[in-house]
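Numbering (the numbering used here), first residue to last: 2 to 247. Data block below; observations after.
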């Protein structure tokens, strides 16, 4: 049994299509398998709307895809519901439309212009009118965890010391510390994104595949067989191993 995973997309439709092409090539050699998207579908990149539409079309066509919720997807959905609703993982002085977070770029992909430079009420009204109901339902219903064999997929990570079934959504989509510092096993191998790095990296108990697509880096796809992880590249599979393994 094997499973594919794709890191943080952040509105980069062309990168998403390219890694799905790599996955299709690998499936042609090794057989079909589920594909898990680790969330952060939107924000910062140029075509968040296109990313969501691509995923919706694939799912409607019967693709064996799982799409998880990232913190940026949750912020987008929350903004559409009520822009005054607090986002528990976000610092109080920031909002989804802050330039650092990329909400304005997401709304621009739906035709809502100058979202960061206008009063909030008309921006919200324009956003509600512009975002298709199917996209809103999709964002609201995204799961936050997927388990496959001895592997668990989440966007950001796990709260150490908390059972999988007791994990809270805010941690699953936002956590960094103490998750990133823990060296002990979580039980299943954790495949996650959220914390941008340069290349897919295996830490023994977890594998981070957010390779900074939001900041001009590549989008990464991996395949997991048992607990073995391989980076998919145009040249084929490249093992991703912990630092204590050759």
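Where a beta carbon is used, it is the ideal one built from N, C-alpha and C, also for glycine.
Within the segment 135–198, the runs of beta strand (DSSP E) at least 3 residues long that lie entirely inside it are, in chain order, 146–149, 152–155, 190–193.
The alpha-carbon of residue 34 is positioned some 8 Å away from that of residue 2. Of the residues 77, 165, 186, 27, the one whose Cα lies closest to the Cα of residue 111 is 77. CA-CA distance, residue 11 to residue 42, rounds to 5 Å. Its Cα nearest to that of residue 45, the residue 108 stands out among 137, 108, 119. Per DSSP, the continuous alpha helix (DSSP H) segment holding residue 123 begins and ends at 121–131.
In this structure, residue 142 keeps its C-beta atom at 7 Å or more from the C-beta atom of residue 155.
Going by DSSP, residue 52 is part of the alpha helix (DSSP H) stretching over 49–61. The residues 35, 36, 37, 38, 144, 147, 154, in chain order, have a CB closer than 8 Å to that of residue 67 in the same chain once the five nearest residues on each side in sequence are set aside. Distance check between residue 193 and each of 182, 74, 210 places 210 closest, using alpha-carbon atoms only. Setting aside the 5 residues that flank it on each side, residue 221 is surrounded in the same chain by 8, 201, 210, 212, each with a C-beta closer than 6 Å to its C-beta; the list follows chain order. Residue environment: residue 217 is assigned as exposed (fewer than 16 neighbouring CB atoms within 10 Å of its CB, all protein chains considered).
Distance check between residue 191 and each of 171, 225, 199 places 225 closest, using alpha-carbon atoms only.
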